[in-house]
Amino acid sequence: SGSDAASCPVRGPQGVDLMQRSFVHSELAITEQLHGDYDCDGDGVQDCGKWDYGIGMCKNQAVCGHLYKFPDATLDRSCRCRKCASFPGTAFGDAMLKNPEQAGAPFNAMSWGLFKNWADHMDTCAPWVMPRDDTALQNLLAYARGKGYKVRISGAGHSAGGIVTDGQNKQVLVLSLAEYTAPGEWEFSIRDMPNGSKRATVNAGWTQFHLYEKVRPLGFFVPAQTAGYFFSLGGIVANSVHGGSYRAGFVHGYATRMRVMLFDGSIKIIDTEEEMRYWRCSFGLHGIILGVEMQLEQREQLQMYVVKEKMSAWNSEEFWKFIKQTAEADLPAEVLPAEGGQGSRKSWNGEYFVDFMNGGETPQVISYSQKANHSIDPDFDGELGIPEKVHEGYAYMKNKRVAEDGRGWMTWGEAARRDGAPLIKIAGVDVNDMLDDVKALPLAGLMSKAAVEEIPGFVKRMSERVNGGFFLTYSPVALAEAYFVEP
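Take 10 as the starting number for the sequence shown in this note's numbering and just add one per residue.
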């Protein structure tokens with residue numbers, strides 16, 4: 010049908026269309042049939058057609074977007090008019106959502122433009138709104154309900170594909186807790202449990218960084234953690250996010266209590282396992298997770314380190330030998346094959362990287378590993394405890410000024426909550442877009458080798474600074490797949 014044809018990007022010869030992003034949303038994408046690709050309002054002045062290499066985006070983001078059409082040869086040519094301003098009577102065209110403060114909206118919120126996910130392959134016309142407190146959230150839900158809008162909830166934008174929204178429904182708005190402040194103990198507090206353990210109650214709009222800034226200087230950790238800081242706690246609990254711990258499960262499994270808001274604005278405390286089991290990994294379908302209580306564990310000593318090895322062959326024996334003996338993975342023998350012998354099982358956490366691009370059948374394998382408490386190596390040449398200047402380390406990272414996605418300058422802490430990890434830049438150019446534009450060229454081997462070689466440096470710097478287990482504070486675009494295999 011005509012609508013089906015309009016929803017598919019025009020593709021050129023194989024490989025050429027891989028040079029730039031080519032995901033195009035049907036009627037939301039291009040206004041060529043009205044005024045051409047570059048004159049968005051028909052006044053004879055070219056509004057688009059210029060790429061800003063300083064911020065790694067098209068100039069004039071209010072009306073221009075990166076919309077590749079074969080045979081575009083430059084990024085400038087792919088900067089075309091969006092059609093996001095021409096939907097009267099819908100959420101997409103609602104001035105209250107697109108600019109709440111100037112439009113005098115009945116809810117206290119900041120606009121974050123139009124929703125797109127971090128991997129930058131889902132770029133929509135849905136307004137992205139960030140309410141500041143409970144009253145603002147309640148008023149926004151009431152406003153949306155009165156207008157017949159659909160409310161979708163985002164975290165820091167790292168969810169894949171169209172989990173938040175695919176951009177096709179014009180009545181959808183996206184809500185984020187990036188500017189949200191919770192009341193009382195639900196902003197942050199630590200609770201002592203009868204069994205002597207501790208739990209942290211925290212704003213669901215915080216990232217793991219903001220939580221660890223509070224608990225790591227006290228020697229506490231969440232049992233499972235990811236490689237990077239930059240995922241929101243609400244997003245982690247509402248999705249199936251895993252960590253690198255051999256003996257721990259999904260991160261949401263360590264959420265013990267929640268404060269939530271339902272569709273009508275009412276607020277509930279979820280504190281029984283009968284209800285918690287339905288809110289974990291709920292994808293925002295039940296309501297808004299406002300606050301989360303997380304189980305904590307104490308690690309008096311933590312060893313962050315890297316091991317790597319050039320494998321003599323890519324086979325089961327060598328693979329399991331690296332995991333068991335070199336990486337010292339804490340995996341019970343009953344779930345493992347016999348290949349690879351036996352290891353010490355001293356490492357509680359491991360994240361593995363294999364460079365097939367340069368090694369082929371004899372690849373280099375690297376594991377970022379962690380040991381804790383009695384398992385640490387006594388002769389380890391590095392930080393094992395809480396760094397003397399741990400508070401300064403967190404403050405340095407949190408307050409560092411970054412230019413975020415064409416939205417101006419802000420602190421790293423603000424950028425992480427609003428939009429996930431800030432951009433990686435080299436010489437002022439957004440590496441995400443640079444990688445996308447050159448991915449058809451034979452640079453994969455070079456990039457793969459560089460990525461593997463840089464990990465030890467990342468780990469060492471973060472160990473010296475805060476020694477909190479995480480090693481990524483910035484990230485390039487990545488689409489990751491996770492496979493969960495029952496032993």
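Glycine included, every Cβ here is placed at the ideal spot set by N, Cα and C.
Three-state secondary structure (DSSP) of residue i
i, result
"Gly122", "strand"
"Leu481", "strand"
"Met313", "strand"
"His219", "helix"
"Phe101", "helix"
"Ile395", "coil"
"Gly74", "strand"
"Pro232", "coil"
"Arg30", "Unreliable positioning characterises Arg30 in this predicted model, as indicated by a pLDDT of 37, which lies under 50. A coordinate reading is not provided."
"Ala382", "The residue asked about is misnamed: residue 382 is Asn in this sequence, not Ala. Correct three-state label for Asn382: helix."
"Val344", "helix"
"Leu294", "coil"
"Tyr492", "coil"
"Val475", "coil"
"Gln307", "strand"
"Phe197", "strand"
"Ile245", "helix"
"Ser168", "coil"
"Glu302", "strand"
"Ala209", "strand"
"Leu43", "At Leu43 the pLDDT is 38, less than 50, meaning the model places this residue with poor confidence and gives no usable figure here."
"Ala430", "coil"
"Lys333", "helix"
"Trp421", "helix"
Own chain partners of residue i with C-beta closer than 7 Å, once the 5 adjacent residues on each side are dropped
i, result
"Asp390", "none"
"Val475", "Arg225, Pro396, Val399, Gly402, Tyr403"
"Leu123", "Cys93, Thr133, Cys134, Ala135, Pro136, Trp137"
"Pro115", "Asn148, Tyr152"
Residue from the options whose Cα sits closest to the Cα of residue i
i, options, result
"Cys88", "Arg225, Lys78, Phe96", "Lys78"
"Pro232", "Tyr492, Lys317, Gly478", "Gly478"
"Leu227", "Lys68, Phe96, Gln310", "Gln310"
"Tyr403", "Asn324, Leu340, Gln217", "Gln217"
"Trp329", "Val374, Arg289, Phe292", "Val374"
"Asn117", "Glu188, Tyr238, Tyr47", "Glu188"
"Ser168", "Glu302, Asn248, Ser275", "Asn248"
"Glu473", "Gly369, Leu393, Ala430", "Leu393"
"Asp510", "Met267, Lys107, Lys380, Ala112", "Any property of residue 510 remains undetermined from this structure, which presents the chain solely from 10 to 496."
"Lys59", "Gln111, Asp85, Gly53, Ser321", "Asp85"
"Arg256", "Ala342, Lys68, Val411", "Ala342"
"Pro387", "Gly417, Ala412, Thr371, Lys355", "Lys355"
"Ser321", "Cys73, Glu370, Glu302", "Glu370"
"Gly368", "Met202, Lys319, Val344, Lys409", "Lys319"
"His383", "Ala430, Leu299, Gln312", "Gln312"
"Tyr158", "Phe101, Gly171, Ala112", "Phe101"
"Arg266", "Tyr314, Leu299, Gly98", "Leu299"
"Tyr263", "Trp288, Ser275, Asp273", "Trp288"
"Gly98", "Gly155, Arg286, Gln111", "Gly155"
"Arg470", "Ala459, Tyr492, Met406, Gly429", "Met406"
Within 8 Å, strictly: CB atoms of residue i and residue j
i, j, result
"Phe197", "Val211", "yes"
"Val8", "Gly252", "Here the chain comprises residues numbered 10 to 496, so residue 8 is not present and cannot be evaluated."
"Trp357", "Ser291", "no"
"Asn126", "Val173", "yes"
"Trp418", "Lys409", "no"
"Pro109", "Asp143", "no"
"Ala209", "Glu302", "yes"
"Gly237", "Ser484", "yes"
"Pro346", "Ser378", "no"
"Val315", "Ile464", "yes"
"Val468", "Phe480", "yes"
"Arg426", "Trp215", "yes"
"Leu242", "Leu220", "yes"
Own chain partners of residue i with C-beta closer than 8 Å, once the 5 adjacent residues on each side are dropped
i, result
"Val250", "Thr235, Phe240, Gly244, Phe259, Val260, His261"
"Gly171", "Met131"
Own chain, CB closer than 6 Å to residue i, minus 5 neighbours either side, in chain order
i, result
"Lys277", "Val269"
"Met119", "Met139, Glu188"
"Ala153", "Val160"
"Leu271", "Gly296"
"Cys57", "Tyr47, Cys73, Cys88, Arg89, Cys90"
"Ser376", "Val316, Ala336, Gly359, Tyr361"
"Asp273", "none"
Cβ-heavy atom distance, residue i to the ligand SAM, below 7 Å
i, result
"Met419", "What this structure holds is no ligand at all, so the ligand SAM is not there to describe."
Original post:
Quick check: the region 281-296 against the region 362-370, are there 3 or more CB pairs under 8 Å?
Top reply: no
Original post:
Does the region 326-336 touch the region 347-354, meaning 3 or more C-beta pairs lie closer than 8 Å?
Top reply: yes
Subject >> Stretch pair the region 148-157 + the region 188-204: three plus CB contacts closer than 8 Å >> reply: no
Original post:
Can you find at least 3 beta carbon pairs, one from the region 295-312 and one from the region 169-179, that sit closer than 8 Å?
Top reply: no
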